[in-house]
Amino acid sequence: MSDYRVLPGPEHFLPPAAASMGIRLPNPGEAHINGVIVSEDKAYEEAARQFLMAKVPTIFPGPLVLWAWNEKAAKKATAVRHLFNTLKECAQAGQKPMLIPMPDYRPKYPKINPEVEINPNHPNLTIWHNKIDCCMFIGVHCHQANLSLKIIRGGTSCYTIAMCAQAGHEDAMLSFRDASVEKIMRLAETVKRLKGTVQLRSSTAKSGASN
Amino acid sequence: MSKERIQISEDLYDIMPSDYQDLVKSSTYGKEDRGWKDIGTSKELIEQHSLCAGCPESMAFRYILASLPNPEDTVMVGSTGCTSLVFPMVAVHNIHSLFGNQNAVASGLKRALSVRFPDRVKDVVVLAGDGATVDIGLDMTLQAWFRQEKFTTICFDNELYANTGGQESGLMQKGFVAKMAPVGKLFDKVRLPEIARESGCHYVVNCTVSKPSLVEKVIRNAVHIAREIGPTYLQLYTPCILEIGKNSMEGLQEMRDSEKPTERFAYKEYVSEPAKQLLAELSAKDKERKAAAKQLAGQASA
């Protein structure tokens, strides 16, 4: 097993693809945390803790859930909204949950408005501008999610979570696979359950350490 | 596909940037009579663009995007140049090909779409500059026409390589001196519209983009003919005002001056016999549809 760990950055300008460092994807029923394969149960707890610890926990829904291209997508959108509402309900003083869309992948530099959207070609702008310290991608096509996750790891200290509908993302610090409405709802339940058990990260503490 | 398929998830509607909400609410996807007159009253398929102030290419882009008969099922293939700065801001599927390869990419794309979506009309439109169409990509341009590939090729002819500072191109006029072509062009402007006709294009037009109604007509004709019969080619004069020493507000006049009867962009059109027949059929159908709509409106108001 690789010694490399997928940790919050800033790693450096061009961080390696985690796959190239020996990080492998989880099997069905599993997830990974920092590149280490774990049970899904453990990942729910850790993801919920990261959300509750963050000053600006943020969900980035991508085109696959923003656009109602089928019934399943619309249901997932409802679940994403529920998760966001849960984050707001469970927010401690000083915490500001956000929901920022990634509507499509057209490169918008330099016209991106980081207040209202995130773009995979320069996701760091939105992260920096809104001081986001923990985020979750959902409904973003794999190749664009990988690109974004690498850029974020390279240039920011944001903790990244991928709620992936396929096989997961090595480049996220925590990745689920086979995302479904049920899994999103379960994450929301876990956040609710752990409310009050986790302290907000202090402003001086770094969310993690680079390799 | 129709506009009904382009919907935002209800639960996330409020967080979508207004551009996207406007596209869903008031763009002209799926509207049969869409055209340049929708500009100003509906959401355009081009957002802000990064072209120079007063650039005629930006006018051409707006007219073309307003005139495509089937934008929700159209894929545009572009090449490197000023146009590639605009495509990221366009709400129509597009591919940025390797410089000059655009007609080869479009050939494969059109064939693949025909196989993948046999029951749906899918249009492919190439939009590239004169360098990509006539110089570096001439081989791909001609071979696509020889093979009778069913897509439209649009050349934004600004008569030089504008994006890289003003080098000589095949479509530059004889004797023209550009910033990076100080000796002046030694041979005549390549007569690509004639070559297109001889290479098998069924509809060829050479004109400027000074008149939006004309651009609308030729775009619609070219796309319909390419869809049903074979390749079509439009050569549109979109002067680079910077490279020919004009001000922002002089682009339109430059085009008007260049389209006079004795000038190089005087309107020229070639329509093959099968294409003429198709246009006549389409025109008859259009008249019928409009008459029926008028009658229906009359009944409703009565």
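Each protein sequence line maps, in turn, to chains A and B. Residue numbering for the first sequence follows the working numbering, starting at 1 and increasing by one per position. Residue numbering for the second sequence follows the working numbering, starting at 212 and increasing by one per position. We treat Cβ as the ideally placed atom computed from N, Cα and C, and that holds for glycine. Please read all numbers here as calculations on a predicted model, not as lab measurements.
From this set, D233/B, D368/B, S483/B and M351/B, which residue's C-alpha is nearest F476/B's C-alpha?
The residue given as residue 476/B occupies position 265 in the second sequence. Taking only the C-alpha atoms, the option nearest F476/B is D368/B.
Of all the CB atoms in chain A, is at least one closer than 8 Å to the CB of Q488/B?
Against the second sequence, residue 488/B aligns to sequence position 277. Against chain A, the CB of Q488/B has no partner CB under 8 Å away; the residue lies outside that interface.
Between which two residues does the beta strand (DSSP E) holding C90/A run?
Within the first sequence, the letter at position 90 stands for residue 90/A. Taken as a continuous stretch (DSSP letters only), C90/A belongs to no beta strand (DSSP E), as it is neither H nor E.
Can you tell which of T126/A, K131/A and F137/A has its C-alpha closest to the C-alpha of A54/A?
Numbered from 1 along the first sequence, position 54 holds the residue referred to as residue 54/A. Answer by Cα proximity: K131/A.
Determine, using beta carbons only, whether D233/B comes closer than 8 Å to chain A.
The sequence position of residue 233/B within the second sequence is 22, counting from 1. Cβ-Cβ to chain A under 8 Å: no for D233/B.
Counting only beta-carbon separations shorter than 8 Å, does I306/B have a partner in chain A?
Within the second sequence, the letter at position 95 stands for residue 306/B. Not one chain A Cβ lies under 8 Å of I306/B.
Keeping to the same chain, check which residues put their C-beta closer than 7 Å to that of A93/A; ignore five residues upstream and five downstream.
Numbered from its first residue, the first sequence carries residue 93/A at position 93. Closer than 7 Å at the Cβ level, and outside the excluded window around A93/A, lies no residue.
Output, in sequence order along the chain, the residues in the stretch 260-287 of chain B whose CB is closer than 9 Å to any CB in chain A.
Residues S261.
Take P152/B as the anchor and find which of P267/B, A271/B, V301/B and G251/B has the nearest alpha-carbon.
There is simply no residue 152/B to check, as chain B begins at 212 and stops at 513 in what is shown.
In its own chain, which residues sit with a C-beta less than 8 Å from the C-beta of E516/B, not counting the 5 before and 5 after it?
Summary: the structure shown does not reach residue 516/B, with chain B confined to residues 212 through 513, and so no result is reported for it.
What is the DSSP secondary structure of T419/B, counted as helix, strand or coil?
Along the second sequence, one-based indexing puts residue 419/B at 208. If DSSP states are grouped into helix, strand and coil, T419/B belongs with the strands.
Is S290/B close to chain A? Criterion is C-beta to C-beta, closer than 8 Å.
Residue mapping note: residue 290/B aligns to position 79 of the second sequence, counting from 1. Judged by the 8 Å Cβ criterion, S290/B is not in contact with chain A.
Can you tell me which of N70/A, M163/A, A79/A and C90/A puts its alpha carbon nearest to the alpha carbon of V56/A?
Here the question's residue 56/A lines up with position 56 in the first sequence. Comparing Cα-Cα distances from V56/A to each of N70/A, M163/A, A79/A and C90/A, the minimum goes to C90/A.
What does a CB cutoff of less than 7 Å around K200/B pick up in its chain, not counting 5 residues either side in sequence?
No answer is possible for residue 200/B: the residues shown for chain B start at 212 and end at 513.
With a threshold of 8 Å between beta carbons, is M227/B in contact with chain A?
In the second sequence, residue 227/B corresponds to position 16, counting from 1. Residue contact check for M227/B against chain A: a CB pair falls below 8 Å.
Kindly identify the DSSP beta-bridge partner or partners of W67/A.
Position 67 of the first sequence holds residue 67/A. Per DSSP, I219/B.
Against W67/A, what residues of chain B qualify as contacts under a CB-to-CB distance less than 8 Å, listed in chain order?
For the purposes of this step, residue 67/A is taken as residue 67 along the first sequence, with counting starting at 1. Residues of chain B passing the Cβ test: I217, Q218, I219 and S220.
Along the stretch 116-137 of chain A, what residues have a CB closer than 9 Å to any CB found in chain B?
From the stretch 116-137 of chain A, only V116 and E117 have a Cβ closer than 9 Å to chain B.
Select from E405/B, A323/B, E258/B and M466/B the residue whose C-alpha is nearest the C-alpha of K479/B.
Position 268 of the second sequence holds residue 479/B. Here the closest residue by C-alpha is E405/B.
Assuming E360/B and P442/B form a contact by the criterion Cβ under 8 Å, report the distance between their Cβ atoms to the nearest whole angstrom.
What you label residue 360/B is simply residue 149 of the second sequence in a count that begins at 1. What you label residue 442/B is simply residue 231 of the second sequence in a count that begins at 1. The Cβ separation is near 6 Å, so the contact holds.
Among the residues of its own chain, which have a CB less than 7 Å from the CB of S180/B, if the five just before and after it don't count?
Because chain B spans 212 through 513 in this model, residue 180/B falls outside it and cannot be assessed.
Using a Cβ-Cβ distance under 8 Å, would L223/B count as near chain A?
To locate residue 223/B, count along the second sequence from 1; it is residue 12. Yes, L223/B lies at the interface with chain A (some Cβ there is under 8 Å from its Cβ).
So, at 7 Å on beta carbons, what are the nonlocal neighbours of D225/B in its own chain, with the 5 sequence-adjacent residues on each side left out?
As a first step, residue 225/B is located in the second sequence; it is residue number 14 there, counting from the start. So the list is empty, once near-sequence residues are dropped.
Every unbroken beta strand (DSSP E) within the stretch 373-406 of chain B, with a cutoff of 3 residues, ordered by chain:
List check, beta strand (DSSP E) in window: nothing returned.
Between G139/A and R24/A, what straight-line distance do the alpha-carbon atoms span, to the nearest angstrom?
Position 139 of the first sequence, counting from 1, holds the residue named residue 139/A. Position 24 of the first sequence, counting from 1, holds the residue named residue 24/A. Taking the straight line joining both Cα atoms gives about 21 Å.
Looking only at its chain, what residues have a beta carbon closer than 8 Å to the beta carbon of K192/A, apart from the 5 residues adjacent to it on each side?
For the purposes of this step, residue 192/A is taken as residue 192 along the first sequence, with counting starting at 1. Hits under 8 Å: T86, E89 and C90.
Can you list the residues of chain A that S299/B reaches, using a CB-CB cut of under 8 Å?
To locate residue 299/B, count along the second sequence from 1; it is residue 88. At residue 299/B the sequence reads Pro, which differs from the Ser that was named. Here the neighbours are R106, P107 and K108.
Listing by chain order, which chain B residues have their CB less than 7 Å from the CB of R81/A?
Locating residue 81/A in the first sequence gives position 81, where the first residue counts as 1. Around R81/A, the beta-carbon contacts reaching into chain B at under 7 Å are D222 and L223.
Nearest neighbour of T363/B, chosen from G311/B, Y414/B and M227/B [CA to CA]
Indexing the second sequence from 1 puts residue 363/B at position 152. Out of G311/B, Y414/B and M227/B, Y414/B has the C-alpha closest to the C-alpha of T363/B.
Under 7 Å between beta-carbons, which chain B residues line up against K111/A? List them in chain order, please.
Start at 1 with the first residue of the first sequence, and residue 111/A comes out as number 111. The answer, in chain order, is Q259.
Classify R81/A as buried or exposed, calling it buried when 16 or more other Cβ atoms lie within 10 Å of its own Cβ.
Locating residue 81/A in the first sequence gives position 81, where the first residue counts as 1. Under this definition R81/A is a buried residue.
Could you compute how far the alpha carbon of C293/B sits from the alpha carbon of G22/A?
Locating residue 293/B in the second sequence gives position 82, where the first residue counts as 1. Locating residue 22/A in the first sequence gives position 22, where the first residue counts as 1. CA-to-CA, the gap between C293/B and G22/A works out to about 42 Å.
Selected residue, minimal CA-CA separation from C164/A, among K183/A, A68/A and I151/A
To locate residue 164/A, count along the first sequence from 1; it is residue 164. Among K183/A, A68/A and I151/A, the Cα nearest to that of C164/A belongs to K183/A.
For S253/B, three-class secondary structure by DSSP:
Taking the second sequence and counting its residues from 1, one reaches residue 253/B at position 42. Per DSSP, reduced to three states, the secondary structure at S253/B is strand.
Which word fits E567/B, buried or exposed, when buried means at least 16 other C-beta atoms lie within 10 angstroms of its C-beta?
The requested residue 567/B is not part of the displayed model; chain B covers only 212 to 513.
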